[in-house]
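So for the sequence shown, the working numbering puts the first residue at 162; every next one is plus one. Where is the CB? At the ideal position from N, CA and C, for every residue including glycine. In this text, all values refer to a predicted model and were calculated from it rather than measured experimentally.
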Amino acid sequence: MIIGLIVAFSREGDDGKQVLKDAKQMIRQVQGFHESPEYYERLVDRAHREVFSEAYSMSVGRRSRGTLDEDKYLTDLFARMIQIAQGENADHVAKNLKKLHDEIFQIEPEPETAKKGK
C-alpha cells in the first residue's frame, strides 16, 4: 500500500509539472506578457502551487489515475494570480489577466454604461 501511495504522489507531481508547463504556455497569450514575462511566470508559479492540489484528485487502486478539474483549476489559478497582482499594486496586470480569463471562459465584457452605474 505504501508503494502505491508513493507512485500516486509521484504521478501527481508529474501531472502537476505538466499542468504548470501548460499554464505557462497559456499565460503567454496575455496582453503585456512580453513586457514583463518574468513577473507573469512568477505569478503562474506561485498561484499554481497554491491551487493545483485542490483541483487534482487521484483514484487509488491497481490502475491509479489522476484527474484534473480543469475549470476549477483555471478559475482558481486566475483568481489567485489576479489577487496577487492587485496586492502588489499591479492593477494593469490584474486587468490583463481578467481579460484573458474572460476570453478563455467566453465571458462577455460588461458594457461601459453598466460599469458607470456601479
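Outcome for residue i when other beta-carbon atoms lying within 10 angstroms are tallied against a minimum of 16
i, result
"H209", "buried"
"I268", "exposed"
"F266", "exposed"
"N257", "buried"
For residue i, three-class secondary structure by DSSP
i, result
"G177", "helix"
"G248", "helix"
"Q186", "helix"
"F266", "coil"
"V191", "coil"
Cβ-based neighbour list, residue i, same chain, cut-off 7 Å, excluding 5 preceding and 5 following
i, result
"E211", "R241"
"R207", "I245"
Beta-bridge pairing of residue i - partner residues as DSSP gives them
i, result
"Y228", "Residue identity differs from the one stated: residue 228 is Thr in this sequence, not Tyr. BP columns for T228 point to S218."
Own chain, CB closer than 6 Å to residue i, minus 5 neighbours either side, in chain order
i, result
"I188", "Y201 and V205"
"F213", "G177"
"V254", "A246"
Close Cβ partners of residue i (< 8 Å) along its chain, the five nearest in sequence each way excluded
i, result
"L181", "V205, D206, H209 and F213"
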